Amino acid sequence: MDDGVREQLLEAISHGATVESAAAAAGIGVSTYYRWMERGHDAAETLQEDGTVDSREEPFREFWEAATRAHARGEVFNAALLRKIAEGGYVVKSRTKRYRDPASGQVVEETETDLAPPDLRAVTFYLERRHRQGWGKNIEQLEVSGPGGGPIPMVGPGGLAALAARVEENLAEYLAELEAAEPSDNR
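Residues 6 to 192, numbered by the working numbering, are exactly what the sequence shown covers, in order.
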């Protein structure tokens, strides 16, 4: 495990990037990331159970712990940002004017500040995702399976040969209909 790759992964994850994006940015495959995490988790469990861990697995344990913390930091950061957007009140724009007061001759400085209003969309976004039972959209999950709960057969009875024959038959019928529908050139 290269230290540069490790640091790129952890930085991206701590900013809230998905594992897929973090892995791509660091130049590794997603499966490599998950393999490292699995090895690290296994090493952490071994350390907890036996009080020791193989020195070859220690870097993976350390990576697993650091990645777990990075995921948490990313979530906390983004939750705080979402809260800030929801509450509003942060400075959006600030303008400072300087002018000489005609009565006193003094230079006067005035600052106008525009603040963001509360954003109820951010509140709704949070509630719909964090508290799905009470606030989530009424989306029902539907699972479809094939015979006996197995996969859905993608080819009908008779296999590919029967499917090819049906396609050929339908194509012939369609072409015949097209020919019959074309106006004749009998002038």
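Even for Gly, the Cβ is constructed at its ideal location relative to N, Cα and C.
None of the values given here were measured: they were computed from a predicted structure.
Classify residue i as buried or exposed, calling it buried when 16 or more other Cβ atoms lie within 10 Å of its own Cβ.
i      : result
Trp1   : Within the shown structure, residues of the chain are numbered from 6 to 192, placing residue 1 beyond reach of any answer.
Gly154 : exposed
Tyr39  : exposed
Trp69  : buried
Ala72  : buried
Arg126 : exposed
Give me the Cβ distance between residue i and residue j, rounded to the nearest whole Å; I'm assuming they're in contact under 8 Å.
i     : j      : result
Ala85 : Tyr131 : Contact doesn't hold; Cβ gap of about 12 Å is too wide.
Ala48 : Glu63  : 7 Å
Val35 : Glu25  : 5 Å
Leaving out five residues on either side along the sequence, give the residues of the same chain with a beta carbon under 8 Å from the beta carbon of residue i.
i      : result
Asp119 : Val96, Val97, Lys98 and Ser99
Ala22  : Ala30 and Gly79
Enumerate in chain order the residues of its own chain whose CB-to-CB distance from residue i is below 7 Å, with the five nearest sequence positions on each side excluded.
i     : result
Asp94 : For the record, residue 94 in the displayed sequence is Gly; it is not Asp. If we look at Gly94 and ignore the five residues flanking it on each side, its Cβ neighbours are Leu120 and Ala121.
Ala27 : Leu14, Ala17 and Ile18
Report the option in the options whose CA atom is closest to the CA atom of residue i.
i      : options                          : result
Leu87  : Val10, Arg134 and Glu115         : Arg134
Asp7   : Gly21, Gly32, Ala22 and Ser150   : Gly32
Thr116 : Thr57, Gly110, Tyr104 and Ala127 : Tyr104
Asp124 : Arg171, Gly45, Lys89 and Ala169  : Lys89
**OP:** Tell me the start and end of each unbroken alpha helix (DSSP H) in the segment 74-102 that is at least 4 residues and wholly inside, in chain order.
**Re:** Along the segment 74-102, the alpha helix (DSSP H) does not occur as any fully enclosed run of 4 or more residues.
**OP:** At 4 residues or longer, and completely inside the segment 6-51: list those alpha helix (DSSP H) runs for me, N to C.
**Re:** 8-19 and 24-31
Original post:
Hey, which unbroken runs of the alpha helix (DSSP H) at 4 residues or more fall wholly within the segment 123-157?
Top reply: 125-135 and 137-140
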